[in-house]
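Enquirer: Following this message is one structure expressed as structure tokens.
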Amino acid sequence: MVQTLTILGLESSCDDTAAAVVRQTDGAEAEVLSSIVHGQTELHSAFGGVVPEIAARAHAEKLDVCVVQALQSAGLTLADMDAIAVTAGPGLIGGVMSGVMCAKGLSAASGLPLVGVNHLAGHALTPRLTDGIAFPYLMLLVSGGHCQYLIAHGPEKFTRLGGTIDDAPGEAFDKTARLLGLPQPGGPSVEVEARSGDPKRFRFPRPLLDRPGCDLSFSGLKTALMRMRDQIVAEKGGLTRQDRADLCAGFQQAIVDTLAEKTRRAMDLYLKENPAEPVIAVAGGVAANSAIRAALETVCTEKDTQFTAPPLNLCTDNAAMIAYAGMERFRTGARDGLDLTARPRWPLDQTSPAMLGSGKKGAKA
Ligand code: KG4
Ligand code: ZN
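Right under this line is the structure:
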């Protein structure tokens with residue numbers, strides 16, 4: 019029998035409070051009926067990073083508003099939903115708890131089933147929501163909080179090939195912008211500056227390229243940039259516009275080269291086991307960077323692999339991806355009870371050793 023599922027999704031694991039409604043009929047493409055995102059950038063801007071307590075309080079205040087807006091904008095009510103999906107981790111624990119408590123309340127009051135979702139699975143399954151990509155595929159998550167290569171085999175089955183051992187690339191862009199007095203979020207500001215800069219003037223390291231595998235490291239780039247900046251200031255008394263542009267260009271080129279080479283290696287590992295119609299998908303805010311995107315597309319052409327990147331509003335944190343990932347779990351029969359717990363750490367690939375590092379979202383999953 020053909021089944022249509024309509025799922026309400028909630029997301030609150032970092033600094034975006036979000037709710038969305040996603041619908042899919044068997045055999046047809048999934049549809050995002052609404053996707054509401056309330057960002058918290060201005061609440062944290064004075065502190066130079068996300069303050070977990072402020073984030074948690076803001077999520078608790080905004081979640082119900084987001085749910086009402088998502089239902090209204092979809093033209094539906096709770097009675098039209100088949101289940102409620104919520105990010106149950108990984109992320110900043112206060113924020114994740116706010117979402118889980120809200121979803122439990124809605125589930126208890128409406129009698130709707132509850133489905134806990136891994137935030138990273140939400141990102142990793144987005145190419146299925148947007149492009150109907152079939153399993154298996156290779157996924158690169160690059161954002162302010164994540165950086166990992168995953169092979170997606172099924173809604174809850176992922177193999178992690180590698181990831182960052184310290185900062186995520188978005189975090190490195192944000193720190194670089196802060197060191198150069200550029201506005202936040204740092205990625206877009208650094209990208210704009212880099213356009214008029216010479217990427218060869220400053221020699222940035224290419225971290226971990228001398229080691230096999232596809233683990234990455236980005237924290238050394240910011241230290242290198244700080245030293246270069248301090249040296250120019252000591253010699254000339256300050257930075258010119260051109261100095262700043264050249265620093266941005268050198269820094270960005272180091273990230274581009276590193277991601278391109280590590281992606282080549284991740285693809286070789288993936289292609290060994292999945293040679294038929296290979297696909298690589300990229301998601302996360304850093305995927306908006308045109309130099310990074312162009313480099314990844316070149317690697318895909320070299321390896322004769324299809325490249326796909328969801329639209330930016332579904333690459334960055336949102337609840338449509340949580341509703342969709344919840345739908346995939348729901349279809350497999352998965353249900354969670356009111357004992358669903360919020361998890362600060364929750365690796366997608368339980369067999370890989372835990373990654374270290376801080377990240378915008380706290381400990382890496
Ligand atoms: O996925 P996202 O919205 O949030 C999470 O971190 O989960 O990603 C935000 C990150 C920020 O660090 C931002 O600086 C970075 O993505 N970003 C970029 C660009 N646009 C956003 N990084 C490099 N180049 C860009 N054009
Ligand atoms: Zn995310």
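In our numbering, the protein residues as written are 19 to 383. All C-beta atoms in this analysis are idealised placements derived from N, C-alpha and C, irrespective of residue type, glycine included. Remember, predicted model here, so these are calculated numbers, not experimental data.
When you compare only the Cα positions, how much space is there between residue 277 and residue 143?
Expert: About 21 Å.
Enquirer: Is residue 67 a contact residue of the ligand KG4, with contact defined as CB to any heavy atom under 6 Å?
Expert: Residue 67 Cβ: outside cutoff for every heavy atom of the ligand KG4.
Enquirer: Looking at the secondary structure, which residues open and close the alpha helix (DSSP H) in which residue 237 lies?
Expert: 237-254 is the span of the alpha helix (DSSP H), which, as asked, contains residue 237.
Enquirer: Compare the C-alpha of residue 30 against each of 169, 341, 347 and name the closest.
Expert: Taking only the C-alpha atoms, the option nearest residue 30 is 341.
Enquirer: Can you tell me which of the three DSSP states residue 178 falls into?
Expert: Correct three-state label for residue 178: strand.
Enquirer: Taking 6 Å as the cut-off, is the CB of residue 161 close to at least one heavy atom of the ligand KG4?
Expert: It does: the Cβ of residue 161 is within 6 Å (strictly closer) of some heavy atom of the ligand KG4.
Enquirer: Less than 7 Å separating the beta-carbons of residue 331 and residue 36?
Expert: Not closer than 7 Å, so no.
Enquirer: Quick check on the DSSP output: the alpha helix (DSSP H) that includes residue 287 runs from which residue to which?
Expert: Note, residue 287: alpha helix (DSSP H), 259-291.
Enquirer: Which word fits residue 236, buried or exposed, when buried means at least 16 other C-beta atoms lie within 10 angstroms of its C-beta?
Expert: Label assigned to residue 236: buried.
Enquirer: By the DSSP assignment, the beta strand (DSSP E) with residue 49 in it spans what residues?
Expert: Start and end: 49-57.
Enquirer: How about residue 185: is its Cβ closer than 6 Å to a heavy atom in the ligand PLP?
Expert: Inclusion of the ligand PLP in the displayed structure is not the case, the ligand content consisting of the ligand KG4 and the ligand ZN alone.
Enquirer: Taking C-beta to C-beta, are residue 157 and residue 312 nearer than 7 Å?
Expert: It is not a contact, given that the beta carbons lie outside the stated cut-off.
Enquirer: Using a Cβ-based criterion (distance less than 6 Å to any ligand heavy atom), does residue 201 qualify as near the ligand KG4?
Expert: The answer is no for residue 201.
Enquirer: Which residue wins for smallest C-alpha separation from residue 243, given the options 259, 191, 281, 287?
Expert: Nearest option by C-alpha distance: 191.
Enquirer: Where does residue 34 sit, in a helix, a strand or coil, going by DSSP?
Expert: Looking at residue 34 - three-state DSSP - the assignment turns out to be strand.
Enquirer: What do you reckon, are the CB atoms on residue 176 and residue 354 nearer than 7 Å?
Expert: Their beta carbons are not under 7 Å apart, which means residue 176 does not touch residue 354 by this criterion.
Enquirer: Kindly indicate which three-state DSSP category residue 384 falls into: helix, strand or coil?
Expert: What the structure shows of the chain is the stretch from 19 to 383, and residue 384 is not part of that stretch, so it cannot be assessed.
Enquirer: I'd like to know whether the C-beta atoms of residue 219 and residue 264 end up nearer to each other than 7 Å.
Expert: Cβ atoms of residue 219 and residue 264: closer than 7 Å.
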